[in-house]
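Colleague: Before I ask anything, let me first share the structure, which is written out below as structure tokens.
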Ligand SMILES: Nc1ncnc2c1ncn2[C@@H]1O[C@H](COP(=O)(O)OP(=O)(O)OP(=O)(O)O)[C@@H](O)[C@H]1O
Ligand SMILES: [Mg+2]
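Residue numbers (the numbering used here), protein chains in the order written: chain A, 48 to 323; chain B, 90 to 364.
Structure follows, in structure tokens:
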């Protein structure tokens, strides 16, 4: 890690004896398989990774290699067959606290307005209604949805719905975000805008982000590190430290730089996609 | 694409009005066609029976049916029968759907219980309620309660199955999302499963209006001194066929009114579906 990693020690609330920072997420030798017709099909081979505070990691890998399985295992929806997952240094049973989770499907509840959907997490946590509403409104405004708070999801565009989903994910201020192809269904322009917003909200709040994506350019443009996974049973095939600086404001310009293309080409090569 | 800013409401008033008028016209066309079909049918019926007394005896005639309806309305029997059958049906509809829906939804809670219960539900659901009628009359007497019981029984399994299907149909990803937000099982049930099942529950409600009515009328057939089923049975055994049809018309009207009310409540409870 370069600039990004080293700058974080000051802001660490998690410093333990010895002054080292406990990373928000440490994965050690995790494996996971599914039982299909009485046989165990291994999906995650043996996977270890560390997500540091304030870090953005993108994960790319061939379709069906187990990325979603990995994410669901990390946030406690599935339990690993072996290995350890430590959140802020501790192994948790069930769902870890303060983790935001978002999928390609926006999963908005059709009977709730944009505001009602954004408030869902706060409501579940028992935050007082007035406070929950204020915070959710502010988050919607911040994501460019001012004036749409009272709209039902069925009256919003795909990009707007995904913004509402992002608001729902961010409003309770999780310190780690686990996103599974959150922008895959969006058109290019909406995607650039919402990627940009996500990255800046993550950086502003010193949050960490694990982003699964099929879009290599998205992976490179947002991340501090890109992890390439192998086919099933998946392992880490390659890791790239992306030295494009942490302040990436000009996303379009960035994508045209030679360094950027260099990373994209190498990751493409790693993915071993055979075009016929 | 510009970032969304401010509500996009400024649809010109005239355009909205034009669209509303277009929608109204479409509805009016549907209604007019329905009325035309009805009139043609009645005219044909009236024509075929007006010069043939045997046919008039066998099939009644619209004018004779109208006459009976008028007479029943005047002597008050129509209103009393409607009231009696209506309250039996409503009570059965209400109790059956309440019990069925509560059980159906709560089966979502436990895979164990639902698996245990499933064969029993299928078994009970396959019993023709008419076969139960004599027993029910022995148990509950010949008054209101036995008809409500019949009506409830014909509703409850359908309500149970539709609401359980609705609860099972909830997107597992949505449940996972609730879990990652820290929701307890009860919160998932209340904030996700119940509202998500409303569509299926209302489909069940609409279906069971008819079942509740059939239950009540079958009950009245077995033994009763009032109600639309009683009127149909009595007129039928006296071969007064137009009167049978008159009571049937009243029965159909009752079903339509109840269905209409359920539809209204549905729209009221699910405003997001109107959009
Ligand atoms: N519930 C399940 N039972 C059995 N096998 C499963 C289950 N879920 C996923 N799999 C299998 O596990 C493998 C990994 O699935 P997963 O959804 O994690 O892949 P992915 O990397 O997210 O794929 P994609 O890039 O297409 O989203 C796939 O081969 C899939 O068929
Ligand atoms: Mg996936």
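The beta carbon of each residue, even a glycine, is placed where N, CA and C say it ideally should be.
As the structure is a computational prediction, the values presented were derived from the model and not from experiment.
Helix, strand or coil for residue 44(A)? Go by DSSP, reduced to three states.
Modeller: Absent from the structure is residue 44(A), since the part of chain A shown begins at 48 and ends at 323.
Colleague: In three-state DSSP terms, what is residue 65(A)?
Modeller: Working through the first chain from its first residue, we reach residue 65(A) at position 18. Because the pLDDT of residue 65(A) is 48, which lies under 50, any placement of that residue in the model is unreliable, and the question is left without a value.
Colleague: Taking its Cβ as the centre, do 16 or more other Cβ atoms sit within 10 Å of residue 209(B), making it buried, or is it exposed?
Modeller: One-based indexing of the second chain puts residue 209(B) at position 120. A residue is called buried when at least 16 other Cβ atoms come within 10 angstroms of its Cβ; residue 209(B) does not meet this threshold and is exposed.
Colleague: DSSP three-state label for residue 315(A), please.
Modeller: As a first step, residue 315(A) must be located in the first chain, where it is residue number 268. Of the three classes helix, strand and coil, the one that applies to residue 315(A) here is helix, per DSSP.
Colleague: At the level of alpha carbons, what is the spacing between residue 312(B) and residue 218(B)?
Modeller: Locating residue 312(B) in the second chain gives position 223, where the first residue counts as 1. Locating residue 218(B) in the second chain gives position 129, where the first residue counts as 1. Spanning the two alpha carbons is a distance of roughly 15 Å.
Colleague: Whose beta carbon lies closer than 7 Å to any heavy atom of ligand 2, going through the chain in order?
Modeller: 114(A), 115(A), 227(A), 228(A) and 259(A)
Colleague: If residue 295(A) and residue 255(A) are in contact, beta carbons under 8 Å, what's the gap, nearest whole angstrom?
Modeller: Here residue 295(A) corresponds to residue number 248 of the first chain, with the count starting at 1. Here residue 255(A) corresponds to residue number 208 of the first chain, with the count starting at 1. Contact flag wrong, Cβ pair sits at about 17 Å.
Colleague: Are three or more beta carbon pairs between the stretch 229 to 246 of chain B and the stretch 294 to 311 of chain B nearer than 8 Å?
Modeller: yes
Colleague: Can you give me, in chain order, the residues of the stretch 164 to 181 of chain A that have a beta carbon less than 8 Å from any beta carbon in chain B?
Modeller: 167, 168, 170, 171 and 172
Colleague: Using a beta-carbon distance below 8 Å, is residue 142(A) in contact with chain B?
Modeller: For the purposes of this step, residue 142(A) is taken as the residue at position 95 of the first chain. Yes, residue 142(A) lies at the interface with chain B (some Cβ there is under 8 Å from its Cβ).
Colleague: Relative to the alpha-carbon of residue 232(B), which residue among 345(B), 314(B), 172(B) and 258(B) has its alpha-carbon at the smallest distance?
Modeller: As a first step, residue 232(B) must be located in the second chain, where it is residue number 143. It is 314(B).
Colleague: Would you kindly work out how many angstroms separate the C-alpha atoms of residue 242(A) and residue 252(A), rounded to a whole number?
Modeller: Within the first chain, numbered from 1, the residue matching residue 242(A) stands at position 195. Within the first chain, numbered from 1, the residue matching residue 252(A) stands at position 205. Cα to Cα, the separation comes out at about 15 Å.
Colleague: Got a sec: is the Cβ-Cβ distance from residue 139(A) to anything in chain B below 8 Å?
Modeller: Here residue 139(A) refers to the residue found at position 92 when the first chain is read from its first residue. So no, residue 139(A) is outside the interface.
Colleague: Is it the case that the CB of residue 83(A) approaches a heavy atom of ligand 1 more closely than 7 Å?
Modeller: Walking along the first chain from the start, residue 83(A) turns up at place 36. Inclusion of residue 83(A) in the 7 Å shell around ligand 1 follows from its C-beta lying nearer than that to a non-hydrogen atom of the ligand.
Colleague: Quick one: Cα of residue 179(A) to Cα of residue 155(A), how far?
Modeller: For this step, residue 179(A) is matched to residue 132 along the first chain. For this step, residue 155(A) is matched to residue 108 along the first chain. Those two C-alpha atoms are separated by around 17 Å.
Colleague: Does at least one heavy atom of ligand 1 sit under 7 Å from the Cβ of residue 122(A)?
Modeller: Along the first chain, read from residue 1 onward, the residue named residue 122(A) stands at position 75. No, since every heavy atom of ligand 1 falls outside the 7 Å radius drawn around the Cβ of residue 122(A).
Colleague: Run the CB neighbour count on residue 109(B), radius 10 Å, all protein chains shown included, and call it buried at 16 or more, exposed below.
Modeller: To locate residue 109(B), count along the second chain from 1; it is residue 20. Here residue 109(B) is exposed, its C-beta having fewer than 16 other C-beta atoms within 10 Å.
Colleague: Chain B beta carbons: is any one of them nearer than 8 Å to that of residue 146(A)?
Modeller: Numbered from its first residue, the first chain carries residue 146(A) at position 99. For residue 146(A), at least one C-beta of chain B is nearer than 8 Å to its own C-beta.
Colleague: Name, going along the chain, the residues of the stretch 76 to 96 of chain A whose beta-carbon falls closer than 9 Å to a beta-carbon of chain B.
Modeller: Closer than 9 Å at the C-beta level to chain B, one finds no residue of the stretch 76 to 96 of chain A.
Colleague: Touching or not, the stretch 189 to 197 of chain A and the stretch 289 to 305 of chain B, by the rule of three or more beta carbon pairs under 8 Å?
Modeller: no
Colleague: Counting only beta-carbon atoms, is residue 123(B) nearer than 8 Å to chain A?
Modeller: Start at 1 with the first residue of the second chain, and residue 123(B) comes out as number 34. No, because no Cβ of chain A sits closer than 8 Å to the Cβ of residue 123(B).
Colleague: Should residue 237(A) go down as buried or exposed, given a rule of 16 or more other Cβ atoms within 10 Å for buried?
Modeller: Locating residue 237(A) in the first chain gives position 190, where the first residue counts as 1. That one is buried.
Colleague: DSSP puts residue 137(A) in a beta bridge; with which residues?
Modeller: In the first chain, the residue the question calls residue 137(A) occupies position 90. The partner list for residue 137(A) (beta bridge, DSSP) reads 134(A).
Colleague: At a CB-CB cut-off below 7 Å, which residues of chain B make contact with residue 269(A)?
Modeller: If you number the first chain from 1, residue 269(A) lands on position 222. Ordered by position in chain B, no residue passes the 7 Å Cβ test against residue 269(A), which lies about 19 Å from the chain.
Colleague: Can you give the Cα-Cα distance for residue 131(B) and residue 151(B), rounded to whole angstroms?
Modeller: Translated into positions along the second chain, residue 131(B) becomes position 42. Translated into positions along the second chain, residue 151(B) becomes position 62. Approximately 6 Å between the Cα atoms of the pair.
Colleague: Beta carbons nearer than 8 Å to chain A: which residues of the stretch 246 to 269 of chain B have them?
Modeller: 260, 262, 263, 265, 266, 267, 268 and 269
Colleague: With a threshold of 8 Å between beta carbons, is residue 365(B) in contact with chain A?
Modeller: This structure cannot speak to residue 365(B), because chain B is shown only from 90 to 364.
Colleague: Any beta carbon of chain B sitting closer than 8 Å to that of residue 134(A)?
Modeller: Position 87 of the first chain, counted from the first residue, corresponds to residue 134(A). So, not an interface residue.
Colleague: List the whole-angstrom C-beta distance separating residue 249(B) from residue 263(B), where the pair is believed to meet the contact cut-off of C-beta under 8 Å.
Modeller: For the purposes of this step, residue 249(B) is taken as residue 160 along the second chain, with counting starting at 1. For the purposes of this step, residue 263(B) is taken as residue 174 along the second chain, with counting starting at 1. Rounded, the Cβ-Cβ distance is 23 Å, inconsistent with contact.
Colleague: Check whether the stretch 200 to 219 of chain A and the stretch 145 to 160 of chain A touch, using three or more Cβ-Cβ pairs below 8 Å as the test.
Modeller: yes
Colleague: If we count Cβ pairs, one from each stretch, closer than 8 Å, do we get three or more for the stretch 136 to 145 of chain A versus the stretch 81 to 88 of chain A?
Modeller: no
Colleague: Is it right to say residue 120(B) is buried, meaning 16 or more other beta carbons lie within 10 angstroms of its own, or is it exposed?
Modeller: The count along the second chain starts at 1 and reaches residue 120(B) at position 31. Looking at its Cβ environment, which holds fewer than 16 other Cβ atoms inside 10 Å, residue 120(B) is exposed.
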